[in-house]
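> Below is one structure. I have some questions about it.
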Amino acid sequence: MVTDCQTRWGSTQKIGPFPPQELRDRKTRQLLPSWQDLDVLESLNKALSPLQDFTNALSAEQYVSISYLKPVLHLLNTSVLAEEAEDSDLTKSLKAKILSYLNEKYQATQDLLNITTFLDPRFRTKYMCTEETKTIKEQVISEVMAVQQQPEVQRTIAVEEDSLDVDSPPAAKAKKKTLASFFQNSMHTPTTASASTTFDPMAQCSEEVATELNTYTYMPCWP
């Protein structure tokens, strides 16, 4: 028989009636559920069965599933675990407690859920309010700008990686330039004094990132 497991709600839902051979045994007939027990089991099944598919999908090991969490929570709150007129009092109570537990559990990680969902082209801002979308864009722009302001760190890492190449000694190996290296200095050091007062490379970079994010936001979501 299936054993109940605290971390797998599907196991609770799968616990069913006793096998026929046990019901034929006089020693176990007293374990046969009464009609009250059947009502309780039906209420439990009504509340827990919709969660089975979601728990299986979110328990994946071969693909990233964290970006699914916010959309799944939205569906659970608005449709899957929403109260229905024909629900028993027990079913309504179970649904409410499950939603309360899940919403409270993931409240502390809302920022992480928001940005992972935003970066997933299947969802983007579909399950977010206007204020959340604005906050996420500002956060992404801030992080990209922080990376742009650290060119020395990137060059140091590249030199260290080159020094680990045993086939070509660091002194003899010519360091290859990338296309980005031609623009790196111009991004951070104006060529003339007049340029420093009329051109702000970081402001331009910020505008470009914001434009790219807006384009990404308004693109149709993937199926």
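Each residue of the sequence shown is one higher than the one before, starting from 43 at the first, in the working numbering.
Built from N, CA and C at the ideal position, the CB exists for glycine as well.
1) Among the residues of its own chain, which have a CB less than 7 Å from the CB of LEU132, if the five just before and after it don't count?
2) What are the boundary residues of the alpha helix (DSSP H) that ASP131 is part of?
3) Go through its chain and collect everything with a Cβ distance to ALA235's Cβ below 8 Å, but skip five positions before and after it.
4) Give me the Cα-Cα distance between LYS139 and SER130, rounded to the nearest whole angstrom.
5) Mapping DSSP to helix, strand and coil, what is LEU161?
6) When the Cα atoms are used, what is the spatial distance from PRO243 to LEU155?
7) Of all the CB atoms in chain D, is at least one closer than 9 Å to the CB of VAL82?
8) With DSSP run on the structure shown, which of helix, strand or coil describes TYR105?
9) Roughly how many angstroms lie between the CA atoms of THR151 and GLU103, to the nearest whole one?
10) At the level of alpha carbons, what is the spacing between TYR169 and PRO113?
11) Look at ALA40 and ILE183 and say whether their C-beta atoms are less than 9 Å apart.
12) Could you tell me the distance, in whole angstroms, from the CA atom of TYR258 to the CA atom of GLU146?
13) Compute the distance between the beta-carbons of LEU115 and LYS179, then report whether it is under 9 Å.
14) Going by DSSP, what residue range makes up the alpha helix (DSSP H) through VAL189?
15) Using a Cβ-Cβ cut-off of 7 Å (strictly less than) and excluding sequence neighbours within five positions of LEU144, which residues of its own chain qualify?
By the coordinates alone:
1) Contacts found: VAL82, SER85.
2) Boundaries of the alpha helix (DSSP H) around ASP131: 131-147.
3) Annotation note: pLDDT 47 at ALA235 (below 50); position unreliable, no value reported.
4) Cα to Cα, the separation comes out at about 14 Å.
5) LEU161: coil per DSSP, three-state reduction.
6) So the two alpha carbons sit approximately 32 Å from each other.
7) Absence of chain D from the displayed structure is noted, only one protein chain being present.
8) Three-state result, TYR105: coil.
9) C-alpha separation (whole angstroms): 21 Å.
10) About 6 Å.
11) Summary: the structure shown does not reach residue 40, with the chain confined to residues 43 through 265, and so no result is reported for it.
12) Computed Cα separation, rounded: 31 Å.
13) In this structure, LEU115 lies away from LYS179, with their beta-carbon atoms at least 9 Å apart.
14) Boundaries of the alpha helix (DSSP H) harbouring VAL189: 172-190, taken from the DSSP string.
15) LEU115, LEU118.
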